[in-house]
Each structure stands twice: as structure tokens, then as C-alpha cells.
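Step one of this worksheet: look at the structure below.
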Amino acid sequence: MIQAIRKIGVPLEKSSMEDQVEALIVPVQSGEENRIVVMDFDLHYGQIRFELFPLTEEAVKKYFYIGTADGPASLQWMLTGIKPDYIISQSIPSLIKIIPHGEMKELLVQVLNTFYYDYGKQEKNKERYRYVLNVEKYLGLSTMNQLLTDSEGDIKKTVSEAAKAVTGYVTKKWEVKTKNISLWTVTINGEIIQQRKEYQELAWRLKEAHFENAAKGICYLCNKKEPVSSDTGKLKMNYYITQKVNFASYLKDFDKNMRLCKTCHRQLILGEIYAMRRFKGSIGKLKFLMLPELLFDEDTMRWKIEDIHNAYLHAHTIIDYKQAQKINRDYLKQMKRDMTNQYTFHFLFYMKQQLEFRVLRLIKDVAPSRIYAIQRAILNGKLFGEKWFEWDEGDTKKWMMAFEQIYYLFPIHEGDRDTIEHRRLLKLYDAIFTGELIDKKMVIEKLVQLAKVYHLEQTDSFQLKKPQDKEYAMIGGVLKGIVLLRYLEELSVLKGGEAMDTSILRIGAGYKAFIEEVGYNEQQAAMILLGKLIYEIGEAQKENRLTSKPILNKINFQGMTLNKIQLLTLSVFEKLKQYKLMTNEKTGYFIEAVYSDFKMLFDRNQDKWQLSPQENVFYILSGYALGSRPINQRKQEGEKENDKQQ
Numbered sequence: 104m105i106q107a108i109r110k111i112g113v114p115l116e117k118s119s120m121e122d123q124v125e126a127l128i129v130p131v132q133s134g135e136e137n138r139i140v141v142m143d144f145d146l147h148y149g150q151i152r153f154e155l156f157p158l159t160e161e162a163v164k165k166y167f168y169i170g171t172a173d174g175p176a177s178l179q180w181m182l183t184g185i186k187p188d189y190i191i192s193q194s195i196p197s198l199i200k201i202i203p204h205g206e207m208k209e210l211l212v213q214v215l216n217t218f219y220y221d222y223g224k225q226e227k228n229k230e231r232y233r234y235v236l237n238v239e240k241y242l243g244l245s246t247m248n249q250l251l252t253d254s255e256g257d258i259k260k261t262v263s264e265a266a267k268a269v270t271g272y273v274t275k276k277w278e279v280k281t282k283n284i285s286l287w288t289v290t291i292n293g294e295i296i297q298q299r300k301e302y303q304e305l306a307w308r309l310k311e312a313h314f315e316n317a318a319k320g321i322c323y324l325c326n327k328k329e330p331v332s333s334d335t336g337k338l339k340m341n342y343y344i345t346q347k348v349n350f351a352s353y354l355k356d357f358d359k360n361m362r363l364c365k366t367c368h369r370q371l372i373l374g375e376i377y378a379m380r381r382f383k384g385s386i387g388k389l390k391f392l393m394l395p396e397l398l399f400d401e402d403t404m405r406w407k408i409e410d411i412h413n414a415y416l417h418a419h420t421i422i423d424y425k426q427a428q429k430i431n432r433d434y435l436k437q438m439k440r441d442m443t444n445q446y447t448f449h450f451l452f453y454m455k456q457q458l459e460f461r462v463l464r465l466i467k468d469v470a471p472s473r474i475y476a477i478q479r480a481i482l483n484g485k486l487f488g489e490k491w492f493e494w495d496e497g498d499t500k501k502w503m504m505a506f507e508q509i510y511y512l513f514p515i516h517e518g519d520r521d522t523i524e525h526r527r528l529l530k531l532y533d534a535i536f537t538g539e540l541i542d543k544k545m546v547i548e549k550l551v552q553l554a555k556v557y558h559l560e561q562t563d564s565f566q567l568k569k570p571q572d573k574e575y576a577m578i579g580g581v582l583k584g585i586v587l588l589r590y591l592e593e594l595s596v597l598k599g600g601e602a603m604d605t606s607i608l609r610i611g612a613g614y615k616a617f618i619e620e621v622g623y624n625e626q627q628a629a630m631i632l633l634g635k636l637i638y639e640i641g642e643a644q645k646e647n648r649l650t651s652k653p654i655l656n657k658i659n660f661q662g663m664t665l666n667k668i669q670l671l672t673l674s675v676f677e678k679l680k681q682y683k684l685m686t687n688e689k690t691g692y693f694i695e696a697v698y699s700d701f702k703m704l705f706d707r708n709q710d711k712w713q714l715s716p717q718e719n720v721f722y723i724l725s726g727y728a729l730g731s732r733p734i735n736q737r738k739q740e741g742e743k744e745n746d747k748q749q
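Take the position in the sequence shown, starting the count at 1, then add 103; the result is the number in the working numbering.
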């Protein structure tokens, strides 16, 4: 993965210094009500003036917002930030320490001596909070001594209190909400000193300071003999784990495993910045980076950063639900024509909390041909769903099994456990990329849990939205589950089964065709038909003005053994008689055929039953969900539509 990041940074590192400096700028979400506060120190008149401007992309560049300094203990010297805390305290003193001698340094010293209050020498790391904007003298706010008293003598808290006072002053005077202030920045005598060359180049100089006295060695990435450093503190990602012995080389110290030259170090920084801005995404709370890597050497072929980005956009269709809508037959034909072996993809799933970057799973070397196979499976799943599960011009896009769709088919508890529960989902994603077989029972268990969550209205405990109609949501989830299993079988992640001989069945041609196409065996088909009967009973109960469908309470979503299924069969037969469903003039023949086929398949398989309790429930629920779809009527239409697609 480290080479993929570096290769992204190669063309950026070859660009002009101005472009490299601009790459450090951190984008800020702008909006109509978002503002940037400019605090101008007027040394001529000894005044502080505030101005508010709309926050735009141009303003972010103009005031050179590059985030905060690397590392929790680093001095914060930036003059533009998302909060006022740094610029009213440590930014200017810190900048004075590191900026080269010259006019700019003299201006900063004047500002510090004029507008900041000196609380005197502080202990160790608290020395950075020694100077605080004199809000008493220049803004007429609380006295500086009172701020310290209110903070119980804690100088760090004093800075926070002063920041609150400044924020209150601005919000009151300009009638703006605190949440709408996105950036704070400083100017001196009206000049945007962040645009000065010495200020902007300082950002890079500090990131590369550890190379100043570096000894020569072999670079881990380019294998060239150059001055190298093992200090990777300026990098955002963790590329190796020093605690594990197998990461150590023949050298004594673990940190010498990844020694980098200055060029590769800069390429990594630029590659990380670009990747974190352009190649990152999220699926619910799950964050990921999708990194295209060029397989050829950058010296042997000319290429641009746009080539990498285009590869990312094509692969992103398998992740994002909206992007997946692009996938159709013409799109796949174009993808197949354009497919080359120039790229491979790495998928990094991670969690980021404050300064911690924790890798949850890294899936390496996914070939373009596999991306194409996944796209094709997504399209085939959509066509399958349209053919069998649609009865009107509904939202056919809902059958597209992009990773985002799959995420919402796997219930994940909200709260502290979600990291653990994500592992099953990530294991499935890994299998989709690699073609590794997984246990079908694991997938079915999660699909049954999904149905349970909707039926019992437990969505508040999971990453799922509360539906307007719980039964509609449950049926939709189960039908999507059927599509998911088809999708996984096509990608060889699950083993497909051999369909039973449907000629022994009395049910309609539509159901026979569905059983054959999906590949249900006799035991699975028996549970499907039992579920269909339960659906018909539920509809009869609804017509009899029952507030719910009591028959559904007979289904134990935790799983049902063969003995429990036998008892359920007796209840179903009693309800069929109670509601006279097998003697109804309109539907009696069809329902009697369904029951007859179910009983025949069930009786001949009881002695060799292989389905697990969870599988029993899933196929019953599948039959229930299929009951809401006019399978027999849709079969002929679906065949005609498929003929058009050939």
C-alpha cells in the first residue's frame, strides 16, 4: 500500500513549489451562512479590527488554511484555524521561534509585544500558553486577572476562557451564530502575511526538518543511496507496526526498517494528502480509502494524476449506491474495452479518532478484472430483482448490491460494539474482492436478524432508519437478501446449489421457474412454500380486521429446529382451514397446490434434514416475502424483458 500512496504523490512532487504548497491547503465545507473571521492587528493605530466574510474555497486558499501542526505535542504556529484558541495565544509566539530573521519576524514581535498579555513564565509544556490576546485593553472585555481567577489559575483554561470571550464579542456584534464561523485568521496592518513566501515554505521546511542532519543510507522505497531518516512522524498513516518482531530488520532498532529519502518522504506526504481528500469515502460509520496503484514504473511511461483519479471513479461504482446507477450493459461494454493491466486497487478500511489512525482491514491487489466482475454481478442482481420482485414501475435501483447497500443488510449495533460487529461485514467485503469462499450460514444469520429488527421495531439500536411500514421494510430486506445471495454465488463467494426437479410440483409455472433459476433444493423449496402459505394466512387475518398478523408470531427469529417446523406446520394447516383458504373459489386451487407440494417435499426430507435453524427461518421468510409478489404473472413479462436485454 505504501507504494500506491507514493505513486500518487510522484506527479505532485514533480509539480512546481507553488502547487506543492497549495496541496497542503485543507478544504473546508462552505455554505451560504458560513463565515471567516479576520482579526487585523493595526500597529499604526494600536487597534484590533474584526471583519467577517463569506467562507469560500478562494478564501480558504487566500488565508492558507493548512490545518494544525503534526503531533499532539507540536507547537501550533498557523495563523488560520477553525477555532480562535491558537491565534489568540500560542500561534504568534510559536511562529516567532521558527520563522527566519527578517521583516516578517519583526512584525510578529511587534504584534506580540503590543496586543498580547504576558502571564509570565509557565511550567514546561504550558509555556506555550504564556501569551494571551489582551481582551481587556483592546476589546473592553473581562480583565486578564479575572480570566486567570475564573480558570482557577490554570493557564490553559485561561486561553479557553479568552477564546470564549472573543467568540462572544464577534457573534454579538455581527449577529452571527457560533456554528456558522468556520475559520478564524489573522492579518497585520491589513496584509495577509499567510501569502508571504517565507510563511508558506515554512510548512514544508518543518515537515522535512529531520533531513537536515540525515546520514546516507538505502531508501526503503526507491532503493537509492541518499540521506535517509526513519522519522515518519509527519506521515498521517501507519505503514508498519513497531511492536511486532517480524517487522524488524537485521538492524538493532525497529524504527530503521523504513528509512526514507527526502524525495520519497515528500511523495508520501503529497500522496496521503491527495488520497485522504480525493480517494476517501464512507459507508455508514465505516471509513475507507480506495487506492489505485499503477503497476508500471513511473520512469518508463508518462502518466498524470488524472489517470489515477479516473481509475478510482470507475471502481467507486461498486461501493457507492448512487454511483452504481451508472452500471448498465453499455457501461460494462465500455469498461471491458478500456480494461488494462495498468492498475491494481487497495482498499483500506479504517477508524480515525482524534490523532489515532486505526486500520480495520487492508484488502490488497484487487485487479480491474475483479472490479468488472463485481460490476457485472451488480447489474445481474438488478435485472434479477426487476424480473421477479417488481410489479409496477417502482424503484428498480434498490436491487443493486453496491457495498453501501450490503452495509444496510447487515444490522450493526450502535455504540461501543460496532468496531467488533464491523468485522463480519469487512470479512464479506474481503471475500467479494478476493473470491474467497465464506460460510453461507453467516450471511443468512445476519439477514434473519435484519428481518427480526424490522419486525420487532428495534431499528433504534442499529444503524438502520425506522421505516414507515415495518412489514414492507421486512419484506424488502428479505428480497434484497435473496438478491445478495445470488450476487455472492455469481462471484464464487458462496457455493451455488443444484435446483430440484420441479416437474414433480403442482404449483404454477412462475414458481417453478423461480425455484429453478435460484437453484433451491427440495428442503429449501419446502420452506419457501411454507412461507408462502404463512403469507396467505396473514393476508386473510388482515382482511378479518385483525390489528396485526398473529401468524407471524409463530416464527421464532432466533431459529427454528425441525421439531419446531413440524409444530408450525400443524398451526399453518389449522389456519388454512379456519380461513377456508383451500376452498376459496378464486385462490383455493393454487393454495391447495402450494400446500400439497410443501407437504410432499417436507415429508420426504424429514429423515435427512440438513438446513440449520437459522436457514429454516430465512427460507420461510423468503417464501413469505415472495408471497407479496405475483411471481406467476411476472414470469412471462420477465422473460420478454430479458429477451430484449440479450
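Glycine residues also receive a C-beta, built at the ideal position from the N, C-alpha and C atoms.
Computed from a prediction, not measured in an experiment: that's the story for all the values here.
Where does residue i fall in DSSP's three states?
i, result
"C364", "strand"
"Q225", "coil"
"W287", "strand"
"G184", "strand"
"D334", "coil"
"H412", "helix"
"I535", "helix"
"G579", "helix"
"K117", "coil"
"D122", "helix"
"K667", "helix"
"D542", "coil"
"P471", "helix"
"G51", "Coverage of the chain is limited to positions 104 through 749, which leaves residue 51 absent and any answer about it impossible."
"K202", "According to the sequence displayed, residue 202 carries Ile and not Lys. The answer is coil: DSSP assigns I202 none of H, G, I, E or B."
On a Cα-Cα basis, can you pick out the residue from the options that is closest to residue i?
i, options, result
"F536", "K573, T672, D468, K282", "D468"
"P570", "L587, A317, V556", "V556"
"V581", "L435, E592, V546", "V546"
"E136", "G243, K224, N283, F167", "N283"
"S133", "P157, I201, G691, E121", "P157"
"M577", "E209, S725, D188, L389", "S725"
"I694", "S333, A643, V129, L416", "A643"
"V214", "L567, S245, I291, L155", "I291"
"N735", "I618, K678, A612, T650", "A612"
"G730", "I515, M685, W491, E517", "W491"
"K652", "L608, E639, M663", "E639"
Measure the CB-CB distance between residue i and residue j and report whether it falls below 8 Å.
i, j, result
"L373", "A126", "yes"
"Q627", "Y722", "yes"
"E560", "Q717", "no"
"G384", "Y510", "no"
"E620", "M603", "no"
"Y241", "D221", "no"
"L286", "I139", "yes"
"G538", "V462", "no"
"A44", "L244", "Any question about residue 44 goes unanswered here, given that the chain covers just 104 to 749."
"E154", "V163", "no"
"M181", "I169", "yes"
"M438", "A418", "no"
"S332", "L309", "no"
"Y232", "Q179", "no"
Would you report the Cα separation of residue i and residue j, rounded to the nearest angstrom?
i, j, result
"M504", "M104", "27 Å"
"N349", "S472", "Residue confidence for N349 is low, a pLDDT of 41 falling below 50, so the modelled location carries little weight; the figure read from the coordinates is stated next. About 33 Å."
"T217", "Y302", "21 Å"
"K224", "E230", "6 Å"
"I610", "Y434", "39 Å"
"E255", "E239", "18 Å"
"F617", "L587", "16 Å"
"H525", "I515", "7 Å"
"E264", "W277", "20 Å"
"T605", "G634", "18 Å"
"N719", "K544", "11 Å"
"G112", "D563", "43 Å"
"Y446", "A470", "7 Å"
"R152", "C367", "44 Å"
"L632", "Q681", "19 Å"
Bridge partners for residue i per DSSP, in chain order?
i, result
"M142", "F153, V289"
"S385", "K390"
"R461", "M454"
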